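If you're matching them up, the sequences are chains B and Z in order. Everything in the first sequence is counted per the working numbering, starting at 4 for the first residue and increasing by one. Everything in the second sequence is counted per the working numbering, starting at 169 for the first residue and increasing by one. Contents: one structure, followed by commentary.
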Amino acid sequence: MSQERLVWKDFNIEDEVGSAEKPLVKQVLNVNVTNNMLEIRFYFAGKGTTRIPDRGVYGPIISAIPVFSGKLYVNVKVNVEGNRDSGRRG
Amino acid sequence: MSFIFSHFISWWADSNCLHVNSGGKDITINENKTTLSYEGDGQVEGGAAKYFVNDQSFWGFSRTGDFMDDFDYQNTRYTVSLQSSTIPELYQTARISPISLTYFHYCLQNGNYTVNLHFAEIQFTNDHTYNSFGRRIFDIYVQVSSHSNVEHTFFLKLEART
């Protein structure tokens with residue numbers, strides 16, 4: 004059985020990366036798939052601005068989603084080693 | 169031997185990775201000497217609710233909501249793009265949703281995975297106009313197995329290099 008878990012509440016891209024128009028990668032580790040199904044959900048938090056710069060600018064935004072198997076992750080981990088210690092969360 | 173064989177069959181039948189270029193087109197990028205093909209979903213049309221499945225690669229998304237106050241009744245596309253030389257192509261397009269957006273991948277081989285979420289705020293700006301005052305806040309859910317130890321799930325904040 005699997006359940007969804009809130010991995011990030013009140014996520015704000017600009018707060019995380021410090022700027023607009025700047026790439027940000029968030030990595031979620033140890034996602035265990037037991038029923039051949041993976042789900043990733045984004046919900047508008049009901050907060051923030053809604054009319055800047057135009058009406059109807061709010062809600063989740065996502066640029067890309069790569070998912071690697073744990074084995075492949077090892078390669079990824081090695082390759083990003085230079086940045087690995089920047090901002091680890093418990 | 170039969171175990172190996174059956175294992176092999178399941179390996180071929182199920183997928184073990186996923187690469188989505190949300191709101192964009194199919195692109196191939198070179199990352200760390202390997203070539204990765206990201207499948208785009210920018211062609212998917214809008215509406216108040218949409219269920220999209222890419223049955224070639226076993227993934228899709230479901231999204232709900234309409235931006236009620238933008239004078240665009242049920243947008244033709246829920247995607248945004250920014251033509252810029254300063255951010256990589258992968259981030260120049262994005263998928264948006266007023267309420268909810270769920271990406272899913274089925275026929276995925278059971279096991280342990282790493283999910284990378286790539287973001288870029290491309291609707292607000294860094295300049296000194298009011299366009300920079302926007303604040304976008306949303307919640308992110310990823311499934312976890314009830315067997316997995318949540319304590320071991322942690323996050324890495326990485327500078328994007330792609």
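Just so you know, even glycine gets a beta-carbon here, dropped at the ideal spot from N, CA and C. As the structure is a prediction and not an experimental result, all values here were calculated from the model.
Spatially closest choice to residue i from the options, by CA coordinates
i	options	result
V127 (chain Z)	Z:L204, Z:Q260 and Z:S183	Because residue 127 (chain Z) is not part of the residues shown, which for chain Z are 169 to 330, the question remains open.
V70 (chain B)	B:Q30, B:I55 and B:P63	B:Q30
N294 (chain Z)	B:R54, B:E17 and B:R8	B:E17
R245 (chain Z)	Z:I255, Z:N222 and Z:A262	Z:A262
I305 (chain Z)	B:A67, B:Y46, B:G21 and B:G59	B:Y46
I65 (chain B)	B:N39, B:K25 and B:N35	B:K25
A67 (chain B)	Z:Q277, Z:F226 and Z:D209	Z:D209
T203 (chain Z)	Z:C275, Z:G214 and Z:H187	Z:H187
G73 (chain B)	Z:N278, Z:S253, Z:T254 and Z:F226	Z:N278
G215 (chain Z)	Z:Y309, Z:Y281, Z:S265 and Z:D307	Z:S265
L269 (chain Z)	Z:S225, Z:Y219 and Z:M236	Z:Y219
T37 (chain B)	Z:N280, Z:N243 and Z:Y309	Z:N280
M40 (chain B)	Z:D307, Z:C275 and Z:Y309	Z:C275
Same chain only: Cβ atoms within 8 Å of residue i, ignoring 5 sequence neighbours per side
i	result
L258 (chain Z)	N189, G192, I195, I197, Y206, H286 and T330
Y61 (chain B)	F47, G51, T52 and T53
V10 (chain B)	V31
E7 (chain B)	E42 and R44
Collapsed DSSP secondary structure at residue i in the structure displayed
i	result
G73 (chain B)	helix
D18 (chain B)	helix
R163 (chain B)	Lying outside 4 to 93, the shown extent of chain B, residue 163 (chain B) is not represented and no answer is given.
D13 (chain B)	strand
D203 (chain Z)	For the record, residue 203 (chain Z) in the displayed sequence is Thr; it is not Asp. Here T203 (chain Z) sits in strand by DSSP.
T196 (chain Z)	strand
S225 (chain Z)	coil
F220 (chain Z)	strand
E24 (chain B)	coil
Q30 (chain B)	strand
I55 (chain B)	coil
T232 (chain Z)	strand
V36 (chain B)	strand
N184 (chain Z)	coil
G210 (chain Z)	coil
Burial state of residue i (16 or more Cβ within 10 Å)
i	result
Y241 (chain Z)	exposed
Q211 (chain Z)	exposed
D234 (chain Z)	buried
H296 (chain Z)	exposed
Q311 (chain Z)	buried
F14 (chain B)	buried
N200 (chain Z)	exposed
N284 (chain Z)	buried
S183 (chain Z)	buried
K12 (chain B)	exposed
D307 (chain Z)	buried
A23 (chain B)	buried
Same chain only: Cβ atoms within 7 Å of residue i, ignoring 5 sequence neighbours per side
i	result
F292 (chain Z)	N299, S300 and G302
I267 (chain Z)	T232 and G233
E289 (chain Z)	R304
Close Cβ partners of residue i (< 6 Å) along its chain, the five nearest in sequence each way excluded
i	result
L326 (chain Z)	Confidence is the limiting factor: at L326 (chain Z) the pLDDT is only 45, short of 50, which leaves the residue's position unreliable, though a coordinate-based value still follows. Once the five neighbours on either side are set aside, L326 (chain Z) has no close Cβ partner at all.
W227 (chain Z)	L186 and H273
Y271 (chain Z)	F229
N222 (chain Z)	G228
Check: residue i C-beta below 6 Å from any heavy atom of the ligand GTP
i	result
T202 (chain Z)	With respect to the ligand GTP, the structure shown offers nothing to examine, as it has no ligands at all.
task: Jot down the residue ranges of each uninterrupted beta strand (DSSP E) in the segment 243-323 of chain Z, minimum 3 residues, whole runs only, in chain order.
output: 247-249, 261-264, 268-274, 279-287 and 304-313
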